[in-house]
Structures are given as structure tokens and as C-alpha cells.
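A.B. asks: Below are the C-alpha cells for one structure; questions will follow.
Number of protein chains: 2
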Amino acid sequence: MATIQDVAKRAQVGVATVSRVLNDSGYVKAETKEKIQRAIKELNYTPNAVARNLYHRKTGIAALLVPEISHPYFAEFIDAAETALYSYGYQCMICNTWREQNYEAHYLELLKQQRVDGIITGVHTLDIDRYRLIDRPIVALDRQLGDNIPCVAVNHEKGGRMAAEALIRSGCRKVLQVTGQSHVSTPSNRRHEIFEQVMHENGIECINYISKWNRFSYTDFRDAALEIAEKYTDIDGFFATDMTAAALIHTLYEKGRRCPQDFSVVAYDGTYVSSLPYPSLTTIVQPVSELASSCVDLLMKLVRGEKPETMNIRLDVEYRQGSSTL
Amino acid sequence: MATIQDVAKRAQVGVATVSRVLNDSGYVKAETKEKIQRAIKELNYTPNAVARNLYHRKTGIAALLVPEISHPYFAEFIDAAETALYSYGYQCMICNTWREQNYEAHYLELLKQQRVDGIITGVHTLDIDRYRLIDRPIVALDRQLGDNIPCVAVNHEKGGRMAAEALIRSGCRKVLQVTGQSHVSTPSNRRHEIFEQVMHENGIECINYISKWNRFSYTDFRDAALEIAEKYTDIDGFFATDMTAAALIHTLYEKGRRCPQDFSVVAYDGTYVSSLPYPSLTTIVQPVSELASSCVDLLMKLVRGEKPETMNIRLDVEYRQGSSTL
DNA sequence: CCGTTATATGGAACCCATGCCATATGAAAA
DNA sequence: TTTTCATATGGCATGGGTTCCATATAACGG
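Protein chains in written order, with the working numbering: chain A, 973 to 1298; chain B, 973 to 1298.
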């Protein structure tokens, strides 16, 4: 590919003058400018951003670490984050960690090498300490990564409470919630603690089913739903994320149990998945787009060297009534 | 951040020697090596990939152009592509074009500047000519971009035929297919031509409904489904992509029409969405992961400067029986 | 003991831009 | 006429690595 030297040679000027034209800075005679622009076109020249980035010590790239891109929650998150980054003139790199420490660690190292200007991490497997050594701006989604890394999340306490209350209103007497198997304590796990607490306060038995999958795959959800259907025949209320909730409804339907007549379901997340099953899901909705743009806004602040007003952003959840509860 | 100069100074050696240690090349005394590694650790030094990339004239980055990240088809595609790229030691940049020429053009320019090593494009809005000037390796998903850009797609003719035959087997007498509004002729549009053709061969009336949305949003799909439900009351067979098919089933159900008793539906794509509605969808499945890894394999070949054996890769589609047809 | 080779290290050009500084010209001000 | 300033342009250090080449010492065979 042509370089600025080639352009300078062809236009018979110095590289500095070409640079001035490229960046529209300093004095350049109109005539000279034309000559240079002609040379640029003739050579199909495009400035090398790598060289620019080296000089300016910034890349214009931000990275997103997610456990799984095709999970609807993260797909929507990435979608919104990319759009927000674009509006800041930033490009977006994605890193799929598959919930594995190795991937996460390797990617962090890679991103540090690539000198990305900032990182938004939505993964939870790696130790906090590993993040300390990455001296780039970082924003965490749904995870507390120490004192100097801001955390963006929704109000999961409220979400867990809303879910519990919806099932109680729906008349449930014995409920089950499907929880993740996360080792680290994340804000999002709080919803399960609150959910259980509210149930106990109301004298309702609450079973915690710990999911075993670590891939987003409908067949895994179905398998879990089948196991639940066989093991717990007397549950009349479920709390799970969108996809698992959908799998539960379908699986139990095949066992002859109708939702919402025989049992109720409250889902969590509120991705488009919640409108697909029949009956449609009553869901606690996370404002994914707002989460993403908050992360990006915050990250851009860090990139500019500004101090964020708060290290903990908590957005509100929303209750969306579907047909899976009474 | 520390540079190789800092490391050299601290270890009291030349930068060349440090470089040798970093790249494990040439001769370095064990003692010196240790000294250098100590300095690296003490300074928390990480080599600057931007500088490396500049010298080597390659970035180790590939870019994915997609119309919309959160669309399940593309989310799964990106997911698989990222994984494949990772196995080649490549990082993945994503660009959301929202089906707009401006975004697509702007991103192409940006990617050229950033000197990404390769581009996989899954978007169709921009003129072919614009791709000629991007002298980087490109692979196109589902689109013919001239003679020297390879195209990866599924056998859409077969897909369209299978869909038609499924509806015929299901006893349909008047069918409707929901098509995109694409201006450019893409391999994927072929399925609609074949579908219509097969219907006519069998003396079955076929209506083409051209979708108006250009965002992936369930409410848009529902609106379209509502319009269809009201305008065409005598249709007993539908052909549409997963999400639209789901919306049709739900909307018609609310109008008192049961699937598959009163009408049949064949969906296209075969993302996880097809397992969510009730009844589950009979679908023509595109092997999205294989499409993605084919694109990546092909792109890596181009990056290495090899000539691909074929400029047209066609993968097979699969018929998956659900409960939305008889 | 000397020429040859393996080992060990550093200097400097190179990758491709940017932008400071030096230099040169023409015009306006003094 | 001389000083001053706006205009115009080019040279070169800089950013942070890599690698070729030059140089130096130690080990080895003859």
C-alpha cells in the first residue's frame, strides 16, 4: 500500500506538507493542496492508522469481554455498546471468553499488548488481581472488581423482590429458582438471595436449583427443565432467566401441566426471548441498552482521564407483565 | 507504560537483546536472559503490539461487518467466527452497519485505515465498486461482490425448494412468503424465487409479502403479522424467517387460528429461536457455525496470500421437522 | 598457536505517520 | 528601506518495536 512518502514524492513536496493536507492543519497553498490530493487519489492512498496510533499513543479501539456472544442478553449488550462506541468515534473489539479463566486471562494480555484504549468486561471467572496489572481504563458490567474499577449493574435486589412478589401474587405455595454456578459474588447473584429471603418471609418454601450448563444451548436448558420436571412435581412457581423459563414452560406443557393455570413463571432479563414462548413471559426487564451506553459513557470518561462521579452505577429494573403469571 | 528501552536500561543491555528475549530468537546468555526477565516483571512491561504491527505490516485483527449484532442469525455467526479467528490467533472487530450505506462505507474506510488483515462482510447495502478500492482480503457472506471476492453461502435453492415441499406436504392451498426488501440480488434471495416457482409448478397460489422493517424488533414483526392476518384471511401456509414465523403463529393464535391445524408454517434460518414458540417451528436450518468457520478459513488463506480453490462455497441446508407443519 | 565457528551483544536503519523547528518568500507596517 | 508578520514548505526527531549487520569473545579442530 502507498505511504505518505509515496504521495510526497508523486506530488513533489515534503511529507510534512502532505501531513498538513491530511490533517487540514497549518498553511498549504491551494495549488499545492490540489497537487497532493490528486496524488492521493491516483495512488489510492489511505493513511496508516497503525503509525498514527503509535505516535499518538492511542488506538481508538475499545474491547468488550463477554462470556458468550450469541446469548441474547450479551448480543443485545454488544449491539448497544457498539453503537454507543461508534458515536464516540471508537471501534469495537469483541472477546468471547466462554466462561473460562484461560481465555479471559489470555485476552486481557492480548488487549494490553494491542493497547486498546479501554475495556468493558462482562465476565466473571478470573481473579480480581489479574485486572490490577492491566493498566488501561476498565469498566465492569455486573461485577465488583476492586475499588478503582467502576461497576455498572441494575438494581438486582429490586429485581429479585419483584420476581418473588409476582409469584406470591400469582398464588404460588412452593417455588424453585434456577441460579448460576458462579463462584464469585456478583451483584446479579443478589437477586437470588433476596428472592429466597422474600419467600421465607412469606412462609413459602424455596428450592434453589443450581444450573450445570456453561454454554447457552437450548438443549441444555431442556435437559435441566426435564430434570426439574421429574424431580420436583409439586412446584407451582418458577424463577429463571428468559431462556430457561421458556424451556420450563414447554417441557412442563408436554408433561400435561399448563402455565399459568397449573404453575406460574417469572423470568429475568427481558430480552426478546421473553415474547417468543406461549404463554409470553412475565419478566423482570434489565435495560440492556442503557447498561451498555452507561458502560461506554463511563469508559470514555476514563479514557479522557476524567474521574467518574460514582464508582457504582445502578439502573432500575422494570416489571413486565406477561401471561405466565396470574 | 514501560517501553523496551526502559527494560534495556534497567537490565543494562541493548534493546536488541531484550527483543531477542521477547521473541525467543537468536543467542542470549542464560544469565542475561534472567536479568531481562526480572526487569520486565519489575516494570510490568508488555510489548507494544502497535509498534510491532507497524513494523510487520500486519495487525492480527480481522473485522466482521454485520447489519445487526443482536439478530440471532448474526449473533450466532459472530460467535462462531470469533471462536474460529481466535484459533488462528486473530482478534475480532465488529462493525454494525444497520443496513445503511453510510455506516458501511464509513466502516470500510476505517478498516482500511486501521489496516485490519481481513474483512468478512455480511452486509448488502453498498455498491460493489466500493469494495474494489479496499485492497485487503475480503470474504463475503451471502453476497457476490465481483469476481475476486469469494462468496460463502448455503444452498438457498435447495432451502427454498424444501420449504415449498414441506408446505405442500402439509396440504396448503394458498401460501404467503415474507421476503426482504433487498435491492441487490443476493444468493439468499434465490430461495424466494424457487419457492414461488415450486408453488406455481404445483398450481398453488403464492403471495409475496415484502417486509418493511429494517430493524430486528419483535414489535415490528408483530405489526407485520397483524397486517398479514387482517389482509390475508385465507392463507393456510407461511414461509418466513424464524422470528417472523414465531410472530405469525402467536398473532394468528390470538385471532383464533391454530397451527398446524388451521395453517402451517415453515421457517428459515434455524437459530435457537425456532425452538421457542409453541408449536415449535419446522425450519430450514442454515449451518451458521460452519458458514462462519468457512468464512474464517477462507479469509486466513487469503491473508496468507494463498489462492482459494473456489470462489463460491455452498454449504448444505438441513430440514428440521417441528410441529408447525403436518 | 591460529583460523574457524558458535555464542553473545549492541548500533542503527526501518516500519509510517506527526509536529516542532528552521528556513524562505511576499506583503504590510514603520 | 528596513522591520515585522502572515504564508508556505521541508528536515528531522519521535513513537516503540524488529532485524540486519558489525563486532567481540570463547571454544574447537588442526
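Note that the Cβ used here is the ideal one computed from N, Cα and C, for glycine as well. Predicted model, so just to flag it, every value in this text is computed and none were measured.
Could you tell me which of B:Asp-1214, B:Gln-1063, B:Val-1147 sits nearest to Ser-1247 of chain B, measuring between CA atoms?
C.D. replies: The option with the nearest alpha carbon to Ser-1247 of chain B is B:Asp-1214.
A.B. asks: Would you call Lys-1184 of chain A buried or exposed, if buried means 16 or more other Cβ atoms sit within 10 Å of its Cβ?
C.D. replies: Exposed.
A.B. asks: Can you name the start and end residues of the beta strand (DSSP E) that Glu-1290 of chain B belongs to?
C.D. replies: Unbroken beta strand (DSSP E) run through Glu-1290 of chain B: 1290-1292.
A.B. asks: Can you confirm whether Lys-1308 of chain B, when its beta carbon is compared against all beta carbons of chain A, has any partner nearer than 8 Å?
C.D. replies: The structure shown has nothing for residue 1308 of chain B, since chain B only spans 973 to 1298.
A.B. asks: Got a sec? Which residues, its chain only, sit under 8 Å from Glu-1290 of chain B by beta carbon, not counting five neighbours each side?
C.D. replies: So the list reads Gly-1242, Ile-1256, Val-1257, Pro-1259, once near-sequence residues are dropped.
A.B. asks: Taking C-beta pairs closer than 7 Å, name the residues in chain B that Ser-1245 of chain A reaches, listed in chain order.
C.D. replies: In the sequence on display, residue 1245 of chain A carries Val and not Ser. Residues of chain B passing the Cβ test: Leu-1248.
A.B. asks: Within 8 Å, do at least three Cβ pairs link the segment 1062-1075 of chain B to the segment 1031-1038 of chain B?
C.D. replies: Verdict: yes, contact present.
A.B. asks: Any idea what DSSP makes of Leu-1026 of chain A, helix, strand or coil?
C.D. replies: Leu-1026 of chain A: helix per DSSP, three-state reduction.
A.B. asks: Under 8 Å between C-beta atoms, does Val-1098 of chain B make it to chain A?
C.D. replies: Per the sequence shown, the amino acid found at residue 1098 of chain B is Leu instead of Val. It does not: the Cβ of Leu-1098 of chain B has no partner Cβ on chain A nearer than 8 Å.
A.B. asks: Using a Cβ-Cβ cut-off of less than 7 Å, give me the residues of the segment 1183-1204 of chain A that come near chain B, in sequence order.
C.D. replies: Within the segment 1183-1204 of chain A, the residues whose Cβ lies closer than 7 Å to some Cβ of chain B are Tyr-1190, listed in chain order.
A.B. asks: Which of the three DSSP states, helix, strand or coil, is assigned to Asp-1107 of chain A?
C.D. replies: Correct three-state label for Asp-1107 of chain A: coil.
A.B. asks: Could you tell me whether any Cβ in chain A is nearer than 8 Å to the Cβ of Ile-1256 of chain B?
C.D. replies: Taking Cβ atoms only, chain A never reaches closer than 8 Å to Ile-1256 of chain B, which makes this a no.
A.B. asks: Quick check on DSSP: helix, strand or coil for Gly-1277 of chain A?
C.D. replies: Gly-1277 of chain A falls in the coil class under three-state DSSP.
A.B. asks: Which whole-angstrom value describes the C-beta separation of Thr-1297 of chain B and Pro-1232 of chain B, a residue pair presumed to lie in contact below a C-beta threshold of 8 Å?
C.D. replies: Correct: roughly 6 Å between the Cβ atoms.
A.B. asks: Would you call Ile-1012 of chain A buried or exposed, if buried means 16 or more other Cβ atoms sit within 10 Å of its Cβ?
C.D. replies: Answer is buried; the Cβ neighbour count reaches 16.
A.B. asks: Would Asp-1089 of chain A and Val-1275 of chain A be called neighbours here (beta carbons separated by less than 8 Å)?
C.D. replies: Result yes, Cβ atoms of Asp-1089 of chain A and Val-1275 of chain A sit closer than 8 Å.
A.B. asks: Just to confirm the assignment, what range does the beta strand (DSSP E) spanning Asp-1241 of chain B have?
C.D. replies: Run containing Asp-1241 of chain B: 1236-1241, per the beta strand (DSSP E) assignment.
A.B. asks: Would you say Arg-1194 of chain B and Thr-1151 of chain B are within 8 Å of each other, going by their C-beta atoms?
C.D. replies: Result no, Cβ atoms of Arg-1194 of chain B and Thr-1151 of chain B do not sit closer than 8 Å.
A.B. asks: Verify whether the separation of the beta carbon atoms of Ile-1140 of chain A and Ile-1176 of chain A is less than 8 Å.
C.D. replies: Cβ distance < 8 Å, so Ile-1140 of chain A and Ile-1176 of chain A count as in contact.
A.B. asks: Give the C-beta separation of Val-1156 of chain A and His-1078 of chain A to the nearest angstrom, bearing in mind that I take them to be a contact with Cβ-Cβ under 8 Å.
C.D. replies: Contact doesn't hold; Cβ gap of about 19 Å is too wide.
A.B. asks: In the DSSP assignment, find the alpha helix (DSSP H) that holds Ala-1219 of chain B and state where it starts and stops.
C.D. replies: It spans 1214-1226 - the alpha helix (DSSP H) in which Ala-1219 of chain B sits, taken as one unbroken run.
A.B. asks: Between Cys-1231 of chain A and chain B, is any beta-carbon pair separated by less than 8 Å?
C.D. replies: Output row for Cys-1231 of chain A: interface = no.
A.B. asks: What does a CB cutoff of less than 6 Å around Asn-1186 of chain A pick up in its chain, not counting 5 residues either side in sequence?
C.D. replies: If we look at Asn-1186 of chain A and ignore the five residues flanking it on each side, its Cβ neighbours are Arg-1071.
A.B. asks: Have a look at Val-987 of chain B and Leu-1287 of chain A and give me their C-alpha separation to the nearest angstrom.
C.D. replies: Rounded to whole angstroms, Val-987 of chain B to Leu-1287 of chain A spans 49 Å at the Cα level.
A.B. asks: Return the residue from the list B:Pro-1251, B:Gly-1228, B:Thr-1205 that minimises the CA-CA distance to Ala-1217 of chain B.
C.D. replies: Among B:Pro-1251, B:Gly-1228, B:Thr-1205, the Cα nearest to that of Ala-1217 of chain B belongs to B:Pro-1251.
A.B. asks: What residues from the segment 1003-1031 of chain B come within 9 Å of chain A, judged by C-beta to C-beta, listed N to C?
C.D. replies: Going along the segment 1003-1031 of chain B in chain order, one finds Asn-1016, Thr-1018, Pro-1019, Asn-1020, Ala-1021, Val-1022, Ala-1023, Arg-1024, Asn-1025, Leu-1026, Arg-1029, Thr-1031 with a Cβ nearer than 9 Å to chain A.
A.B. asks: Cβ closer than 8 Å: which chain B residues qualify as neighbours of Met-1134 of chain A?
C.D. replies: Neighbours of Met-1134 of chain A on chain B: none; closest Cβ ~22 Å, over 8 Å.
A.B. asks: Tell me Gly-1209 of chain A's beta-bridge partners as DSSP assigns them.
C.D. replies: Paired residue(s): A:Val-1147, A:Ser-1236.
A.B. asks: In the DSSP output, which residue or residues are listed as bridge partners for Gly-1090 of chain B?
C.D. replies: Gly-1090 of chain B is bridged to B:Ala-1034.
A.B. asks: Quick one, are the C-beta atoms of Leu-1105 of chain A and Ile-1092 of chain A less than 8 Å apart?
C.D. replies: Taking 8 Å as the Cβ cut-off, Leu-1105 of chain A and Ile-1092 of chain A do not qualify as a contacting pair.
A.B. asks: Which residues of chain A have a Cβ atom closer than 8 Å to the Cβ of Ala-1218 of chain B, listed in chain order?
C.D. replies: Chain A residues near Ala-1218 of chain B: Leu-1248.
A.B. asks: Could one say the Cβ of Gln-1073 of chain B lies closer than 8 Å to chain A's Cβ atoms, at least one of them?
C.D. replies: So, not an interface residue.
A.B. asks: Let me know the secondary structure DSSP gives Tyr-1045 of chain A once reduced to three states.
C.D. replies: Here Tyr-1045 of chain A sits in helix by DSSP.
A.B. asks: When burial is assigned at 16 or more other CB atoms within 10 Å of the CB, is Ala-1002 of chain B buried or exposed?
C.D. replies: The residue is exposed, with fewer than 16 neighbouring Cβ atoms inside 10 Å.
A.B. asks: Taking 8 Å as the threshold, find out whether the segment 983-1000 of chain B comes into contact with the segment 1271-1285 of chain A through three or more Cβ pairs.
C.D. replies: Taking 8 Å as the limit for Cβ pairs, the verdict is that the segment 1271-1285 of chain A does not touch the segment 983-1000 of chain B.
A.B. asks: Please confirm whether Leu-1105 of chain B has its beta-carbon closer than 8 Å to some beta-carbon of chain A.
C.D. replies: Judged by the 8 Å Cβ criterion, Leu-1105 of chain B is in contact with chain A.
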